[in-house]
Each structure stands twice: as structure tokens, then as C-alpha cells.
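Residue numbers (our numbering): 120 to 369.
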């Protein structure tokens, strides 16, 4: 356990020093500000109410989850595997007295931490921005729904990250993994639209899982079904990714 903790904090320290973290935070802030300015201009120019103070974070999430978050999650996941193998940093990592499973799990857990922190950061920024520019009387339930929406978004994005980790261990070239991930991502979105009756089997269709949680009448059967599908995909991607990682030669 001590070895795993050491591996986890070592990966966390490397993650903290990556420039991608700074750019993810900066772009997230800019996206929230631009979105807020656009809503304010529409409200003042046309007199239309687009999103109130406590509705703005949900509006941001609906865009953020399909754009900035998957992009930077892919960057981090690819860098943790393809990047370290290509730069030979993986040799140093594997030289530590920790099993490959421990190292692999520590990296996966850190990707989860990145997703969770990124979601929390955007939630706070969008909430503050929404309340400043569009003050509303909101209530405790509104805040709970916002927290629930952002928290529930963690799982589908994490499953996507596990898929990218699998591809990162399947292919050696980080650029190839990135473009393949983009093709699969766009393809899943396209197929979920074309074959709408089977959309629940495409990972990207679950990015709006949070809408089920914050609905006035939650569909618990659908929530459970999608949860089980995502857990099943997580187990398969984690197992396949680790099997490839364990067999890699340095």
C-alpha cells in the first residue's frame, strides 16, 4: 500500500507540473467569461433571458463536457503513457519498488483526479460568474442540482479516459492515439444521432447523464442501466489497458 501511495503522489506531482493543467484552467476561464459575455449581450441587446445566475453553470457544463474537458483529458491520458514511453521517463517510473499494476492504477487514479478537479474548478468559476452577472434568488435545491450535475459528469468522462488509456497502450505514437481518439469520439456522436434508438450503447450519449440526475422526475431505471453500462466499459478498458501495459517492453 505504501508503494502505491508513493506512486500515486509521484504521478500527482508530475501532473501538477504539466503545462497542460495551466492551459486547461486558462481556457476554461476564458470559455466561461466569453459565454457569460455572450449571454449578457443577448439579454441586454434583445431582452431575452437565456440563463439566470444558477442556470448558467448547467449551460456551461452542457458545452464544456463535449469540448474542453474531453480534449484536455485526452492530452493528459496520452501524455501519461505514450509521452512517458517516448521520452523514456517510464523506465524511471518502473524502476520504483511498485508493481506495474500499482503504477498503472496510480496513473488512472490521477487522470480521475484531473477530471474531478477540472469539473470542480469550472463549476465554481461558472457559478461565481453567473451570480455576478445575472444575480438570481436561487435556493439550496438549485445549488444541490448544480453540484450533482457536475459530480455525475465525472463517470462518463472517466470511461472515455480509460478508452484513451487503452489506445495509448495499444499504439506507440501519441499523435496517432490522439487522432484515433478524435475519430472515435466524433464517430460515436454521429452514430448516436443516426441510430438514436441504440444511442444508449454509445459512450458519448451518456455525457448528458447528469440531466437524469437533476430532472424533476428522475428515471432511476435509466440511471441504473447507464451506470451499469459505464461500469462494465470501465472494467473492460481498464483490464485491456493494463494487459497491454504489463506486456510493454522498455
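Ideal Cβ positions, reconstructed from N, Cα and C, are used throughout, including at glycine.
Anticipated Cβ contact below 8 Å, residue i with residue j, distance rounded
i: residue 271; j: residue 328; result: 6 Å
i: residue 131; j: residue 232; result: 7 Å
i: residue 240; j: residue 362; result: Between residue 362 and residue 240 the Cβ distance is about 34 Å, and since that is not below 8 Å, they are no contact.
i: residue 219; j: residue 364; result: 6 Å
i: residue 234; j: residue 273; result: 6 Å
i: residue 321; j: residue 228; result: Their Cβ separation, rounded to whole angstroms, is 26 Å, which puts residue 321 and residue 228 out of contact at 8 Å.
Between the CA atoms of residue j and residue i - distance to the nearest angstrom
i: residue 167; j: residue 248; result: Reliability of the predicted coordinates at residue 167 is poor, the pLDDT of 47 falling under 50, and the value obtained from them is presented with this limitation in mind. When rounded, the distance between both Cα atoms is 18 Å.
i: residue 236; j: residue 129; result: 18 Å
i: residue 193; j: residue 259; result: 34 Å
i: residue 176; j: residue 265; result: 7 Å
i: residue 313; j: residue 244; result: 35 Å
i: residue 309; j: residue 343; result: 24 Å
i: residue 323; j: residue 184; result: 10 Å
i: residue 368; j: residue 198; result: 18 Å
i: residue 288; j: residue 205; result: 12 Å
i: residue 317; j: residue 125; result: 43 Å
i: residue 188; j: residue 366; result: 30 Å
i: residue 138; j: residue 190; result: 14 Å
i: residue 151; j: residue 246; result: 10 Å
i: residue 293; j: residue 346; result: 30 Å
i: residue 331; j: residue 210; result: 44 Å
i: residue 136; j: residue 154; result: 28 Å
i: residue 299; j: residue 334; result: 34 Å
i: residue 290; j: residue 174; result: 42 Å
i: residue 339; j: residue 268; result: 15 Å
i: residue 179; j: residue 242; result: 8 Å
i: residue 326; j: residue 225; result: 25 Å
i: residue 202; j: residue 296; result: 11 Å
Exposure label - residue i; buried when at least 16 CB within 10 Å
i: residue 351; result: exposed
i: residue 147; result: buried
i: residue 157; result: exposed
i: residue 134; result: buried
i: residue 230; result: buried
i: residue 319; result: exposed
i: residue 141; result: exposed
i: residue 311; result: buried
i: residue 149; result: exposed
Distance cut-off 8 Å: residue i Cβ against heavy atoms of the ligand SAH
i: residue 292; result: Ligands displayed in this structure: none; no statement on the ligand SAH is therefore possible.
Worksheet item: How do the stretch 279-286 and the stretch 349-356 stand: do at least 3 beta-carbon pairs fall below 8 Å, yes or no?
Response: Yes: at least three Cβ pairs fall under 8 Å.
Worksheet item: For the stretch 205-222 against the stretch 300-308, are there 3 or more C-beta pairs whose distance is under 8 Å?
Response: No contact exists between the stretch 205-222 and the stretch 300-308.
Item to complete: Could you tell me which uninterrupted beta strand (DSSP E) segments, each at least 3 residues in length, are contained entirely in the stretch 178-223, listed from first to last along the chain?
Response: Correct list: empty.
Fill in: beta strand (DSSP E) segments (min. 3 residues) lying fully within the stretch 303-328
Secondary structure in the stretch 303-328: no beta strand (DSSP E) run of 3 residues or longer lies completely within the stretch.
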